[in-house]
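Beneath this line is the structure, given in structure tokens, with notes to follow.
Number of protein chains: 2
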Amino acid sequence: MAFLDSLEKMFDPKSIAIIGASDHQDSVGQALMKNLVGSGYAGSIYPVNPKRKNVFGIHCYKSIGLVPEKIDLAIIALPSFIVPRIARQCVRAGVKSIIVISSGFSEIGKKGIKLEKDLKEAIAGTGIRLLGPNCLGYIRPDKKINASFAIRNALPGKLALISQSGALCSGILDWAQKENVGFKYFISIGGMLDIGFEDIIEFLEKDPEIESLVLYMESMKDSEKFLNAAKNFAKKKPIIVAKSGRFEESAKAAVSHTGAMAGNDAVFDAAFRRAGIVRVEEIQDLLACSEAFSKQLVPKGNKILVITNAGGPGVMATDAIIKNGCRLAVLSRETMRKLNRVLPKNWSHNNPIDLLGDASPERYAKAFEIALKEKNADCIIVILTPQAISNPSGVALQIAKKAKNCGKTILASWIGENFVEQGREILQKNSIPNFETPEEAARVFSYMNQYRENIKNTYELHCELPAMHRPDKEKIALEIKKILKQKRLVLNEIESKEILKAYGIPVNETLFAKTLEEAVLKAKQIGFPVAMKIVSNEITHKTDAKGICLNLSNEKEVEKAFSQITANAKKFNSHAKIAGISVQKMVESSGIELIIGAKTDPTFGKVLLFGLGGTATEIFQDKSLELIPLTKNAPCEIVQRTKVYKLLKGYRNKFKADLTELAGILESFSHFANDFKETVEEADINPLLVSNGKLIAVDARIVLAKKAQKTGLK
Amino acid sequence: MAFLDSLEKMFDPKSIAIIGASDHQDSVGQALMKNLVGSGYAGSIYPVNPKRKNVFGIHCYKSIGLVPEKIDLAIIALPSFIVPRIARQCVRAGVKSIIVISSGFSEIGKKGIKLEKDLKEAIAGTGIRLLGPNCLGYIRPDKKINASFAIRNALPGKLALISQSGALCSGILDWAQKENVGFKYFISIGGMLDIGFEDIIEFLEKDPEIESLVLYMESMKDSEKFLNAAKNFAKKKPIIVAKSGRFEESAKAAVSHTGAMAGNDAVFDAAFRRAGIVRVEEIQDLLACSEAFSKQLVPKGNKILVITNAGGPGVMATDAIIKNGCRLAVLSRETMRKLNRVLPKNWSHNNPIDLLGDASPERYAKAFEIALKEKNADCIIVILTPQAISNPSGVALQIAKKAKNCGKTILASWIGENFVEQGREILQKNSIPNFETPEEAARVFSYMNQYRENIKNTYELHCELPAMHRPDKEKIALEIKKILKQKRLVLNEIESKEILKAYGIPVNETLFAKTLEEAVLKAKQIGFPVAMKIVSNEITHKTDAKGICLNLSNEKEVEKAFSQITANAKKFNSHAKIAGISVQKMVESSGIELIIGAKTDPTFGKVLLFGLGGTATEIFQDKSLELIPLTKNAPCEIVQRTKVYKLLKGYRNKFKADLTELAGILESFSHFANDFKETVEEADINPLLVSNGKLIAVDARIVLAKKAQKTGLK
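Taken in order, these protein sequences are the chains called A and B.
The first sequence begins at -19 in our numbering and counts up by one.
The second sequence begins at -19 in our numbering and counts up by one.
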């Protein structure tokens, strides 16, 4: 693949030109030169700067065109206005790849957006790949390349990192050096004018030496490519992401920072889950996880055994274990017997295993050895608090020795500072990650466990709708065209239900009546009791307009309801044109209203929503999301993630629903949303009622995309 | 107050005896001597040990009785079995206060519990106060007293700490030394045989030098005293608590650790809120908060201004600010104008104020100065990430200078490690707490803001029920006595509703019918439609037994329902004695079912519960708790904390309820629970229906306490 070749040139260049190289103190051009020369790079370095004869003692060229060797990588550190021109010079000079360090592009508004466009055009069609702009560069310690202006170099290691925040990179490097965490690749991705996360992930996937990948993300370029690349990577090794901009306020801050809109944060959750990516909440967890994932085994389950020399921290660990959805391992009889044999008789006789305050390295070693053989445990968290007679280093040595190739995930928390520092170092050197508190150890384990659970998703195929549910798509398309011709974007209830019915979704019988007489006739045709609802293009929220009457059991009530509804509707909106009334079969409900919806996310396209419906929807926010098209298990999982699932499963029997049918409806609905993804903007069934265990859509709404009006009318 | 005097002797002793003093390496007796002698204590130290002539060069006495001076404080570090005997010797020798370091009491089971009882008896009625057993002792740096066997001494400072985990103390001391956090009191409270949290808090409240109080808690002794003492303290200065044992599993671990049952964790939340205490989730937050509270002002509001030299960390900070319920300050025009004047034109033009990567100390200083004058901001979080040309120490110096007496809460996050270390030290020395990540800074601020909000609660009085609602308590007591005589503990629906009605709580008309004929008669008397429910002492969950029929609109339906209900009940439980059927006025409902309940918590006594009721109660867990008796605002606040509140307030008009009436019902119900707190174990109204805006209890249940059966039958 050609693009991987040029990434190869970028990340393993034989020659590097630094355009804007400088000796000037505190300049980026100087920092770049210092880092690259200082890192011991074995290829050729060519400083380019028309104003200087030499930089760092190396001959300096007036322009990239004058450099005598073909350049694999050119790094540009010049004011943004000149960058497109320089990029064109690079193209002419046959440069293979470019990093633009300079800021001053789309993040500064109009002028910058123009520059960015210009820069894009400069490399278009050349096959040259570009990292940045507005980035720190990258570091690759194994090749002794520090092509960045970061304040610290990275240690060699097996972790790969891609960050959309350059500033954060420096902070992480400073931290990593102290914590002895090493990197195979350390990449500041910047403005993603050309190279996005997906490109680098695809490239890194080929490197067998990488043990885990860490991302700091604010936005995404090509979601489909990203998901594919991430999925392929995650199948082999963990990807951990911290994505900021969760809320409207922070998303706004991110826009002014990166110049890109992020979209709905909950959809990112769904996407990451789908790709097998573990999402952490805070940057601290990102660092902690990156260490744990690169040093320890992914666990086989969620059961933890805690060994401690003090009760309090054991209780804290337990709190965090349960809070994060993991479990305390139940000690087998065998283990209890063995522990009773070697521990003082006041030990806790339970998990957490409290070895008591005077626990020696030998006592730790014995208990740890027994714990390693406990089949009920997937992970052991070893805690040490400094007490008068504790030996933090001695215990660390014992644990490190016994933990080698043990087959379980081993995490540690040596609590304190200077007193336990040497012990922590011993653990770290022996690939046992140490956390400042037991709570953090438990939290990190829960992320490791989540990776194990997520990767299941990556092996699933998209599901195919059974033949019987295949609707006549062309007929539906014609219907939609008709509506667009009427310059309408919102389908009324009857039109919407017709389409859903064609997809095999059960709807209650719904007929249209223009007049009072017609309404009575249709009601008789359907059979009492019936419900009646307003039909008007100008009224979408029928409840708010008091445009619904339920449980009408005879002609008289139908007549009365017709007058009432039309009167209410006029009162609600005097400009509303009332098309008529829908008369529908009254559905006996268990009292549970569900919602199914499809929306269009700016990053990920069509998204399916399921949850508790009706008026309470917005109050309880009991909902769950999946990307469309769905994977095979998605229709079940989207239901299982809600609280209302417990009711549908048969809690106290009252609200029990046919869950297979529900999964089928979700599948069909998402097929509809996918089949018409260009024409339909959003659609929902609200409510979907549970009636004697069966499910029936009693109201529905489909909204067409504005762009469909243009294309649809052709 | 006598007890404060003896605490005075304990914490400011003129003479200390160490019983079990030793020279033996790694013994607790040696650690105690080493710490006390080494701390520079100015009073007299008397080692006591029959086996030694001297310890640490100080003459050693064979027993406490032989010490020539009156002893203010005796510290006992001997095996538990001998401690009660030694305590008796202390009493005889006129010792004023005792610390028992030894473990091996109630936490080891039966034998230990007996020893503990014995020890209690030894000091009973003597006025001597005892700290421990199973504790580390205490440290008071200002008096140069280190009466502990901790591995580190504490630095002098203005923070007070009480910890129920001795092991944790050592960890905290190790951390505090590195972070330069000092203490006025550092107390390991241990098993609380005599002195509990409440005693120490009451004592510390008198010390004007203390700036904040930090607790690590697993259980509580005397909840009433604790709440009073804490409330008085919190009115003046912040109390922060980390209480572990949130879940069943961790509470169990805590029991085996401290030998005391903790009770329902959610009730602790309610109690802490009531007392004005800030509860943090993790131990790391406890440390971070203790530093912030002792160094910075409690904020006046929840609005934060962020100053940063990089976009990414600004976005992260914003995420954490919103997640923790705080807000970004909106920059005033004035501030914008001023910032535009001094900042480069690419600055973010918004909060977070991004000063850009090349921000110098001077640029930080100018922006910070302008920010200090922004009236919309209560707090400023200053972030620095290390970039090639950053000057972390220079910025720290500028911020420290300008922050003095500025009237706002100032927090910092210098991200990284070695590169920013010096800068962090400058901040810390100038009382500006630094956090490793912007997220932690935001979280700590939210805790500070919570303190401000909580202390309002401490100023409230208990409310008095209006005269009209005062029921005839003696009559009710007689009713209850009658039921106890029948050897019953559960009142049936009709009996329960009678009592609630007497407290002014609206119930639907409910009559009892023994036979089919009586049922028809009563139904006619009430007026159709009616509801009918089973009345049987053996059936509490009437729904599960299919013992309820609703909406019966004529005689025939009543007759049919009677047969059906009795048949269902027999089928459900063939041993159930069916007393009859309750016939009640059918209530038209808006569809919202509420629950009001009272339970008995082992620590705090009677607790009020309010939330979403009906079948969904256990699924959505939308509920809130308050301690009984209620404070004045509690009936409103308990409602406002639930999600269903939004519906009751009038969301889409459908579920609107009379909130004043609801508050009145909650008040009356809690009065009932309080009036009969010894006799009633639990009671609930479920559901309380919203009907045309009014509230009606349509089912109720009162359960009497087992102990009432003994006392009530007298």
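For glycine and all other residues, C-beta sits at the position ideal for the given N, C-alpha and C.
Write down every uninterrupted run of the alpha helix (DSSP H) in the region 128 to 165 of chain A whose length is 4 residues or greater and which is fully enclosed by it, in chain order. 146 to 159
Taking A:Ala309 as part of the alpha helix (DSSP H), name the residues at either end of that continuous run. Taken as a continuous stretch (DSSP letters only), A:Ala309 belongs to no alpha helix (DSSP H), as it is neither H nor E.
At the 8 Å Cβ level, is B:Asp(-15) part of the contact set with chain A, yes or no? no
Whose C-alpha, out of B:Leu335, B:Gly9 and B:Asn208, is nearest the C-alpha of B:Lys31? Nearest option by C-alpha distance: B:Gly9.
If the criterion is Cβ atoms closer than 8 Å, does the pair B:Ile695 and B:Asn488 meet it? Because chain B is modelled from -19 through 694, residue 695 of chain B falls outside the range shown and cannot be assessed.
Within a Cβ cutoff of 8 Å, which residues of the same chain sit near B:Ser230, ignoring the five residues on either side of it in sequence? Excluding sequence neighbours, B:Ser230 sits near Ser224.
For B:Lys223, which three-state DSSP category applies? strand
Does the distance from the C-beta atom of B:Leu496 to that of B:Glu539 stay below 8 Å? yes
Of all the residues that make up the region 331 to 355 of chain A, which are near chain B by a beta-carbon distance shorter than 9 Å? Asn331, Pro332, Asp334, Leu336, Gly337 and Asp338
Proximity below 8 Å, CB of B:Lys44 to CB of B:Ile78: The question names Lys, but residue 44 of chain B is Ile in the sequence shown. No. Outside cutoff.
Quick check on the DSSP output: the beta strand (DSSP E) that includes B:Pro667 runs from which residue to which? Val660 to Ser671 is the extent of the beta strand (DSSP E) around B:Pro667.
Examine the Cβ distances between the region 13 to 27 of chain B and the region 675 to 683 of chain A and report whether three or more of them are shorter than 8 Å. no
Cβ contact check for the region 270 to 284 of chain B and the region 298 to 308 of chain B: 3 or more pairs under 8 Å: yes
Using a Cβ-Cβ cut-off of 6 Å (strictly less than) and excluding sequence neighbours within five positions of B:Ser(-5), which residues of its own chain qualify? Gly23, Ser24, Glu49, Ile51 and Asp52
Could you check whether B:Val375 and B:Leu391 sit closer than 8 Å to each other, using their CB atoms as the reference points? no
Using the DSSP secondary-structure output, state which residues sit across from B:Gln564 in a beta bridge. B:Thr490 and B:Ala511
Helix, strand or coil for A:Val75 per DSSP? Coil.
Euclidean distance between Cα positions of B:Ala482 and B:Asp452: 8 Å
Local Cβ density within 10 Å of B:Ser543, reported as buried at 16 or more and exposed below that: By the neighbour-count criterion, in which 16 or more other beta carbons inside 10 Å mark a residue as buried, B:Ser543 falls on the exposed side.
Neighbour-count burial assignment, B:Asn15, 16 or more Cβ in a 10 Å radius: buried
Hey, out of B:Pro324, B:Asp249, B:Glu473 and B:Ile333, whose CA is closest to B:Val310's CA? B:Ile333
Taking the straight line between their C-alpha atoms, what separation do you get for A:Glu405 and A:Gln5? 36 Å
Within 10 angstroms of its Cβ, does A:Thr583 collect 16 or more other Cβ (buried), or is it exposed? buried
Local conformation of B:His651 per DSSP, three classes: Here B:His651 sits in helix by DSSP.
Compare the C-beta of A:Met296 with all C-beta atoms of chain B and state if any pair is closer than 8 Å. yes
Any C-beta of chain A sitting closer than 8 Å to the C-beta of B:Lys603? no
A:Arg450 lies in the beta strand (DSSP E); which residues open and close that run? From DSSP, A:Arg450 is part of no beta strand (DSSP E); its letter is neither H nor E.
For B:Ser476, which residues of its own chain have a beta-carbon under 8 Å away from its beta-carbon, when the five flanking residues on both sides are left out? Ala663, Ala680, Arg681 and Ile682
By the criterion of Cβ-Cβ separation under 9 Å, what are the contact partners of B:Lys686 in chain A? Under the 9 Å cutoff, chain A gives no residues; its nearest Cβ is about 28 Å from B:Lys686.
Does A:Tyr21 come out as helix, strand or coil in the three-state DSSP assignment? Note: A:Tyr21 maps to coil in three-state DSSP.
What do you get for B:Gln601, buried or exposed, if any count of 16 or more other CB atoms within 10 angstroms of its CB means buried? Classification for B:Gln601: exposed.
Status (buried if at least 16 other CB within 10 Å, exposed otherwise) for A:Asp187: exposed
Around the C-beta of A:Gly105, are 16 or more other C-beta atoms found within 10 angstroms, so that it is buried, or is it exposed? exposed
Could you name each continuous beta strand (DSSP E) segment of 3 residues or more that falls completely within the region 316 to 393 of chain B, going from the start of the chain to the end? Runs of the beta strand (DSSP E) inside the region 316 to 393 of chain B: 359 to 364.
Apart from the five residues on each side of it in sequence, which residues of its chain come closer than 8 Å, Cβ to Cβ, to A:Lys557? Answer for A:Lys557: Ser516, Asn517 and Glu518, listed in chain order.
Name the chain B residues that come within less than 7 Å of A:Glu416, Cβ to Cβ? Gln264
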